[in-house]
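This report concerns only the one structure given below.
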Amino acid sequence: MSSADQSPLVVAVVLTWNDTELATRCLESVFASDYPNLQVVLVDNGSVPPVGPTLQAEFPDLTLVQNAENQGFSGGANRGLEKALELGADYVQLIGNDATLAPHAIAALIAECESNTDIGAAGPLLLDAERPDTVQFYRATLDRDQAAHYHEHVGELHAAREWPTVDSEFIPCVALLFRGKALREIGLLDESFGTCWEDYDLCLRLRDAGWRYVTVGASTAVHVGSYTTGRTSPYIVYYTTRNRLICLQRYSRDCHSPKRWWALFRSFTWNMRQYGLLNWRCHFAMLRGFFDYFVRGSQGEALRTESGKVPGVS
Numbered sequence: 227m228s229s230a231d232q233s234p235l236v237v238a239v240v241l242t243w244n245d246t247e248l249a250t251r252c253l254e255s256v257f258a259s260d261y262p263n264l265q266v267v268l269v270d271n272g273s274v275p276p277v278g279p280t281l282q283a284e285f286p287d288l289t290l291v292q293n294a295e296n297q298g299f300s301g302g303a304n305r306g307l308e309k310a311l312e313l314g315a316d317y318v319q320l321i322g323n324d325a326t327l328a329p330h331a332i333a334a335l336i337a338e339c340e341s342n343t344d345i346g347a348a349g350p351l352l353l354d355a356e357r358p359d360t361v362q363f364y365r366a367t368l369d370r371d372q373a374a375h376y377h378e379h380v381g382e383l384h385a386a387r388e389w390p391t392v393d394s395e396f397i398p399c400v401a402l403l404f405r406g407k408a409l410r411e412i413g414l415l416d417e418s419f420g421t422c423w424e425d426y427d428l429c430l431r432l433r434d435a436g437w438r439y440v441t442v443g444a445s446t447a448v449h450v451g452s453y454t455t456g457r458t459s460p461y462i463v464y465y466t467t468r469n470r471l472i473c474l475q476r477y478s479r480d481c482h483s484p485k486r487w488w489a490l491f492r493s494f495t496w497n498m499r500q501y502g503l504l505n506w507r508c509h510f511a512m513l514r515g516f517f518d519y520f521v522r523g524s525q526g527e528a529l530r531t532e533s534g535k536v537p538g539v540s
């Protein structure tokens, strides 16, 4: 019997949109994995023109999911997660096109999960693509009452110390491995988020159901960061604002407390200073996020044009 026959089935889901360069690097790293029982699903999330067929020609062993339109990160990822579970995945490795995995990354994550059956999701230690010797993500704490997560060890030298497996209250969906059983139990990403904070929501749903989140220091991935959208993209500002308010309502123990809202107001005004006082498009996007949350409700979709864009934001 081969090692592949004995190993749990991992389906790696790679999500891309309007890109072949980063997606090619990501797929090359996945196919270079030393994990023996691995299948790969590529989701082309409504690229114009489609890039999925081009990438499939370069990587013929992958399974292509071609979305007719951009469904946001959560919708695009869910199409890939659904395909992975349909293929019978024991674990699903969800990877953004802006991440590359070390050859042993998946095997290290699986080894940890197989040794601890209460782990629902495991992530690699993330290194910064601009400074590959430094840590971008290792562990985070989470504050439900302010809908915030605080990352530890950012910018530290990777070679400066050992990085053991640790529990983390939050892990971003950059290159996150999910146990198939956990996803089947609690469901997939909430598509009403569109993009941003859907990983926060999924994290809390998994953890509230009793599943652990861990970062495996022996597993590493390199992450480009906000390459696809930009750090001060009005599109991201809009969804970050609206969706953070949704998470505050869903998970805060006292979301109506004036103290909570004052802290949130200070956080948003700090963000406005970061965008730049004259960056009116980002400021408008933030105000639009507030408007769509308070007027349309926490489950309401943002008003969109026929092109699928948020007016004045996209």
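End of the sequence shown sits at 540 in the numbering used here; the numbers just go up one at a time, nothing left out. Ideal Cβ positions, reconstructed from N, Cα and C, are used throughout, including at glycine.
Burial of residue 350 is indicated by the presence of at least 16 other C-beta atoms within 10 angstroms of its C-beta.
Pairwise C-beta distances place the segment 293-307 out of contact with the segment 360-373, as fewer than three of them are shorter than 8 Å. With a cutoff of 8 Å on beta-carbon distance, residue 325 and residue 439 are scored as not near each other. Secondary structure note for residue 412: its alpha helix (DSSP H) is the uninterrupted segment 406-412.
By the neighbour-count criterion, in which 16 or more other beta carbons inside 10 Å mark a residue as buried, residue 312 falls on the exposed side. Inter-segment contact for the segment 464-480 and the segment 441-453 is absent: fewer than three beta-carbon pairs are separated by less than 8 Å.
Distances from the alpha-carbon of residue 421 to those of 442, 464, 444 put 464 closest.
Counting other Cβ atoms within 10 Å of its Cβ, residue 391 reaches 16 or more and is therefore classed as buried.
Looking at the backbone, the Cα of residue 292 and that of residue 488 are separated by about 44 Å. Counting of Cβ neighbours within 10 angstroms places residue 322 among the buried residues, the total reaching 16 or more.
Note on geometry: alpha-carbon atoms of residue 475 and residue 376 lie some 19 Å from one another.
About 25 Å separates the CB atoms of residue 239 and residue 361; that is not less than 8 Å, and the two are not in contact. Taking 8 Å as the cut-off, the Cβ atoms of residue 389 and residue 364 count as close.
Within the DSSP secondary-structure output, residue 401 pairs in a beta bridge with 321.
Just measuring C-alpha positions, the residue of 337, 336, 381 sitting nearest residue 357 is 381.
Under the 10 Å beta carbon count, residue 270 is surrounded by 16 or more other beta carbons and is classified as buried. Counting along the chain, residue 467 sits inside the alpha helix (DSSP H) bounded by residues 460-477. For residue 357, the enclosing beta strand (DSSP E) stretches over residues 357-363.
Per DSSP, the beta bridge partners of residue 378 are 365.
In terms of Cβ geometry, residue 261 and residue 332 form a close pair [threshold 8 Å]. With contacts defined as CB atoms closer than 8 Å, residue 249 and residue 288 fail to qualify as a contacting pair. According to the DSSP secondary-structure assignment, residue 306 is paired through a beta bridge with no residue. Burial check for residue 424: the Cβ neighbour count within 10 Å reaches 16 or more, so the residue is buried. Here residue 297 carries a coil assignment [DSSP, helix/strand/coil].
For residue 449, the pairing in a beta bridge is given by DSSP as 325, 354. Rounded to the nearest whole angstrom, the C-alpha separation of residue 276 and residue 315 is 26 Å.
Across the structure, residue 285 and residue 264 are spaced so that their CA atoms are roughly 14 Å apart. For residue 425, there is no enclosing beta strand (DSSP E); the enclosing alpha helix (DSSP H) covers residues 424-434.
Your pair residue 477 and residue 373 checks out as a contact, with CB atoms roughly 7 Å apart and the cut at 8 Å. Contact check for residue 403 against residue 335 passes: the beta carbons are separated by less than 8 Å.
With 16 or more neighbouring CB atoms inside 10 Å of its own CB, residue 437 falls in the buried class. The DSSP-derived three-state label of residue 420 is coil. DSSP places residue 505 in the coil class of the three-state scheme, outside both helix and strand. 441 is the residue among 411, 441, 320 whose C-alpha sits nearest the C-alpha of residue 397.
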